[in-house]
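Those protein sequence lines, which keep their order, are chains B and P.
Each residue of the first sequence is one higher than the one before, counting from 1 in the UniProt record's numbering.
Each residue of the second sequence is one higher than the one before, counting from 1 in the UniProt record's numbering.
A virtual CB, placed ideally from N, CA and C, is assigned to each residue, including glycine.
Quick caveat, the model's predicted, so the values are computed rather than measured.
What follows is a set of notes on a single structure, which appears directly below.
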Amino acid sequence: MASDNKAKPMTSLLNEDNQLAAFDSSAIPKQLLPVLDVEKSVPLTVVKVDPLALLKIVKHARESFPTPVNGQLLGLEINGVLEVTNAFAVPTQPGSEEDMTNYQVEMIQCLREVNVDSSSVGWYQSTRLGDFMQKPLLEVQASYQASPSGMSSVVLIHDTSKSEQGGNLSLRAFRLSAAYLELAKKESFGTKDLAEQGLTYGNILEELPVHVESSSLAKALVAELQWPKGVEQELLAEMQRPSSFNAKLRARRLADRSAVADDSESVSESTDSALLPSRPAAYLGRPTSSLVLDQSSGGSLNRQLEAISELIDEHVHDANQWMYWKRGEAKVKNSRAQFVQRRAQSNAAREARGEAPEAEVPEAELDRMFRPLPEPSRLESLLNTANLNLLSKGVTQSRGPALTKMFMAQGLHESTN
Amino acid sequence: MLNLNLPTLASSIVKSGATTMATTSTQQCYVHPVVLFSVLDHYLRRNDNQERVIGTLLGVRSEDGRVVEIRSCFAVPHFETEDQVEVDMEHHRSMFALHKKASAREQIVGWYATGSKLSKYAALIQDFYSREAAPFSAVHLVMDTELTDGQLSIKCLQGSPIGAGAHPENCMFLPLPYELQYPDAELTALQAAADSKDSEEGYAVLISDMEQLENSIEELKAMLQRVTAYVQGVCKGEEKPNNVIGKYLMDMLAVVPKIDSKQFSTLFQTHLQDILMVAYLTNLTRAQLNIADQLQRIV
Numbered sequence: 001m002a003s004d005n006k007a008k009p010m011t012s013l014l015n016e017d018n019q020l021a022a023f024d025s026s027a028i029p030k031q032l033l034p035v036l037d038v039e040k041s042v043p044l045t046v047v048k049v050d051p052l053a054l055l056k057i058v059k060h061a062r063e064s065f066p067t068p069v070n071g072q073l074l075g076l077e078i079n080g081v082l083e084v085t086n087a088f089a090v091p092t093q094p095g096s097e098e099d100m101t102n103y104q105v106e107m108i109q110c111l112r113e114v115n116v117d118s119s120s121v122g123w124y125q126s127t128r129l130g131d132f133m134q135k136p137l138l139e140v141q142a143s144y145q146a147s148p149s150g151m152s153s154v155v156l157i158h159d160t161s162k163s164e165q166g167g168n169l170s171l172r173a174f175r176l177s178a179a180y181l182e183l184a185k186k187e188s189f190g191t192k193d194l195a196e197q198g199l200t201y202g203n204i205l206e207e208l209p210v211h212v213e214s215s216s217l218a219k220a221l222v223a224e225l226q227w228p229k230g231v232e233q234e235l236l237a238e239m240q241r242p243s244s245f246n247a248k249l250r251a252r253r254l255a256d257r258s259a260v261a262d263d264s265e266s267v268s269e270s271t272d273s274a275l276l277p278s279r280p281a282a283y284l285g286r287p288t289s290s291l292v293l294d295q296s297s298g299g300s301l302n303r304q305l306e307a308i309s310e311l312i313d314e315h316v317h318d319a320n321q322w323m324y325w326k327r328g329e330a331k332v333k334n335s336r337a338q339f340v341q342r343r344a345q346s347n348a349a350r351e352a353r354g355e356a357p358e359a360e361v362p363e364a365e366l367d368r369m370f371r372p373l374p375e376p377s378r379l380e381s382l383l384n385t386a387n388l389n390l391l392s393k394g395v396t397q398s399r400g401p402a403l404t405k406m407f408m409a410q411g412l413h414e415s416t417n
Numbered sequence: 001m002l003n004l005n006l007p008t009l010a011s012s013i014v015k016s017g018a019t020t021m022a023t024t025s026t027q028q029c030y031v032h033p034v035v036l037f038s039v040l041d042h043y044l045r046r047n048d049n050q051e052r053v054i055g056t057l058l059g060v061r062s063e064d065g066r067v068v069e070i071r072s073c074f075a076v077p078h079f080e081t082e083d084q085v086e087v088d089m090e091h092h093r094s095m096f097a098l099h100k101k102a103s104a105r106e107q108i109v110g111w112y113a114t115g116s117k118l119s120k121y122a123a124l125i126q127d128f129y130s131r132e133a134a135p136f137s138a139v140h141l142v143m144d145t146e147l148t149d150g151q152l153s154i155k156c157l158q159g160s161p162i163g164a165g166a167h168p169e170n171c172m173f174l175p176l177p178y179e180l181q182y183p184d185a186e187l188t189a190l191q192a193a194a195d196s197k198d199s200e201e202g203y204a205v206l207i208s209d210m211e212q213l214e215n216s217i218e219e220l221k222a223m224l225q226r227v228t229a230y231v232q233g234v235c236k237g238e239e240k241p242n243n244v245i246g247k248y249l250m251d252m253l254a255v256v257p258k259i260d261s262k263q264f265s266t267l268f269q270t271h272l273q274d275i276l277m278v279a280y281l282t283n284l285t286r287a288q289l290n291i292a293d294q295l296q297r298i299v
């Protein structure tokens with residue numbers, strides 16, 4: 001399609017000047033430019049997630065909680081906006097690499113037959129406590145971003161327990177930063193490399209803002225779930241009949257956010273068609289209010305704190321190891337310097353005695369004699385630090401709402417006394 | 001490809017008598033919201049000139065088969081003409097096999113279709129799915145994507161054989177009571193979808209926990225104000241009193257726990273200290289990490 005539109009202005013240029021015009025990007029209609037952007041010069045700015053993909057991720061993560069799961073994201077990337085329109089689960093059972101690839105290829109083929117976006121735009125992973133910074137994650141994401149078709153792949157991280165307890169969806173989109181990719185290519189994570197690339201625990205991954213965008217039909221569905229037509233009148237009508245035991249039961253079920261379908265009544269009402277006149281099917285109301293206002297933080301705070309203290313231990317261990325290496329390195333350097341100095345001194349002494357000085361020891365020889373200790377890879381400790389940072393940040397952030405809720409409870413208590 | 005012909009064409013590819021199989025009838029149905037969104041997505045991505053889309057419903061059943069939980073679904077291409085319907089069986093089979101790998105527990109429980117009324121081939125397709133879902137009866141979910149009466153109605157049906165001779169085309173669809181399931185995690189996702197509906201830009205930005213809490217408190221305040229206004233109205237005699245509402249209010253007030261003031265303040269203080277302590281420690285940890293990072297650069 002793009003080439004058709006482009007063909008015309010180019011041929012017209014040819015006819016006019018009777019010579020091949022240079023490729024002129026201004027001849028391309030402006031709205032087509034992003035489509036033709038093969039080199040991906042437009043950086044990703046935002047990730048748009050369709051409720052369908054969102055629900056699929058949430059469902060998959062919830063069903064196998066607390067085991068972390070992952071899956072593929074399907075969608076489109078246009079003009080710096082990554083649209084995630086569908087997703088599918090990847091089996092968690094260990095299988096051969098080939099099986100996995102086959103599964104994904106087959107799945108994408110099947111989905112293409114029913115017009116689902118068939119290009120992979122990344123993958124998703126669920127996490128339990130929020131410490132998702134693991135080596136495999138970085139490796140998989142690096143392989144996604146290295147493939148030519150997946151330059152703009154993202155990884156979506158969904159935190160099930162946080163979503164459930166906080167009553168607020170926890171979904172974050174990440175990409176590996178250029179600094180990390182550069183170092184990963186060289187596979188060297190020494191202190192010097194890190195400092196050169198400016199890579200710290202905070203910028204291994206770049207976060208992208210996540211938007212949720214639904215189609216008009218999906219919006220209609222949400223409206224239907226939230227407030228089915230007629231449910232208000234029905235509730236009111238039931239209220240007017242105080243004798244009806246049903247009213248109380250129904251109202252309670254409605255208030256419980258659970259869906260209500262009282263089709264036993266509709267059976268008697270409809271006789272004319274096979275399909276019944278639709279009844280208020282469900283009630284979503286304000287779904288998360290009661291979740292959000294829930295006081296208890298559950299056991300998750302305990303688990304988070306445990307994880308934090310474990311990570312701190314590891315962090316200290318890593319730091320000690322690094323110090324050990326540093327000391328070892330200093331020792332080697334020291335003895336090397338001493339050797340050179342001694343040689344210089346003895347040469348000076350020889351010269352004073354009028355003897356021929358000993359030959360200078362070449363650098364390579366020196367290196368061989370005093371082999372510098374290789375620095376252990378800093379990646380592990382970097383990830384550890386990143387996780388620690390993530391966890392403590394999460395806990396700090398969760399304290400704000402907890403405080404607010406406490407003062408609410410106090411207000412309630414004072415007003416009742 | 002499975003070709004299902006209308007009986008007027010006299011060809012009987014479909015073996016009759018299948019519906020007489022002793023199927024346990026389904027009595028209650030639970031639907032997961034992801035199914036509804038999948039159906040809508042499939043409908044939006046249908047081919048040109050295609051009026052309805054169909055697909056397979058997957059889920060789990062209780063042991064006796066009376067309660068069905070529809071957990072997911074996938075689209076199946078099909079082709080309708082005046083007197084014949086084709087369902088892409090191969091696609092159905094391979095998709096099911098693929099789904100089985102990722103979530104082994106989910107079985108075929110029925111099928112879905114869109115449209116305001118049943119297609120004339122519904123009975124034939126229902127017969128096919130009944131055999132797939134055997135030994136239980138198949139559930140048929142219909143979504144009115146044409147928005148008749150400005151409503152997106154959702155119905156669950158089950159087929160029941162009718163007439164003297166057992167022919168697959170003789171089938172009556174009976175309504176099946178169903179409920180939508182909203183697990184906590186999904187509610188948060190639906191809330192995000194609802195926010196995207198209400199926002200002016202047409203999309204929702206994910207907000208922080210604190211903002212979410214603020215919204216909830218605002219809502220709670222609005223609700224309390226509404227109730228207060230109503231109660232005052234009743235007291236002044238402006239509103240008509242309603243015993244049922246009064247009872248609800250009574251129930252609600254009774255739920256508020258009565259705690260001794262002293263006890264409450266001790267509880268409050270200790271909890272407050274805990275929270276502040278945790279916040280302090282985690283902040284300290286982060287500060288330490290930052291210092292360590294900065295120091296390492298100097299080294």
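Cβ distance (whole Å) where residue i is taken to contact residue j below 8 Å
i      : j      : result
B/V47  : B/L208 : 5 Å
B/L137 : B/V155 : 7 Å
P/V278 : B/T416 : In fact, because the Cβ distance is near 28 Å, the residues do not count as touching under 8 Å.
B/L391 : B/A307 : 6 Å
B/T160 : B/A61  : 5 Å
P/H92  : P/T56  : 6 Å
B/G167 : B/G394 : At roughly 15 Å, the Cβ-Cβ gap does not stay under 8 Å, so B/G167 and B/G394 are not in contact.
P/L289 : B/T385 : 6 Å
B/S300 : B/Q165 : 6 Å
Residue i vs residue j beta-carbon contact at 8 Å
i                      : j      : result
residue 438 of chain B : B/A87  : This structure gives no information on residue 438 of chain B, because the portion of chain B shown stretches from 1 to 417.
B/P376                 : B/Q341 : no
P/L176                 : P/C73  : no
B/H315                 : P/V205 : no
P/T114                 : P/V39  : yes
B/V140                 : B/W123 : yes
P/V109                 : P/I70  : yes
B/E221                 : P/F37  : Correcting the residue type first, residue 221 of chain B is Leu in the shown sequence and not Glu. Taking 8 Å as the Cβ cut-off, B/L221 and P/F37 qualify as a contacting pair.
P/Y248                 : P/T145 : no
B/A142                 : B/L171 : no
B/F370                 : B/S335 : yes
B/L311                 : B/N387 : yes
B/S163                 : P/A194 : no
B/E213                 : B/D50  : yes
B/S149                 : B/P68  : no
Per DSSP, cross-strand counterpart(s) of residue i
i      : result
B/C110 : None, per the DSSP bridge assignment.
B/A87  : B/L73
B/K48  : B/E83, B/H211
B/R172 : B/I157
P/Y178 : P/C29
P/V205 : B/H211
B/T127 : B/D159
B/L205 : B/L176
B/M408 : Paired residue(s): none; B/M408 is not in a bridge.
P/M172 : P/S160
B/S120 : B/L74
3-residue-minimum beta strand (DSSP E) runs that sit fully inside the segment 318-369 of chain B, ordered along the chain: none
Given 8 Å, three or more beta-carbon pairs between the segment 393-405 of chain B and the segment 203-219 of chain P: yes
Three CB pairs or more closer than 8 Å across the segment 176-189 of chain P and the segment 145-159 of chain P: yes
Contact between the segment 262-272 of chain P and the segment 391-398 of chain B (3+ Cβ pairs under 8 Å): no
Sufficient close CB pairs (3 or more, under 8 Å) joining the segment 375-395 of chain B to the segment 183-192 of chain B: yes
Completely contained alpha helix (DSSP H) runs for the segment 223-293 of chain P, where each covers 4 or more residues: 243-255
Segments of 4+ residues assigned as alpha helix (DSSP H) that fall wholly inside the UniProt domain "MPN" (29-163) of chain P: 33-44, 89-102, 122-132
At least three beta-carbon pairs within less than 8 Å, the segment 182-202 of chain P to the segment 54-72 of chain B: yes
Inter-stretch contact (C-beta, 8 Å, three-pair minimum) for the segment 106-117 of chain B and the segment 128-139 of chain P: no
The segment 406-414 of chain B contacting the segment 267-283 of chain P, beta-carbon criterion three pairs below 8 Å: yes
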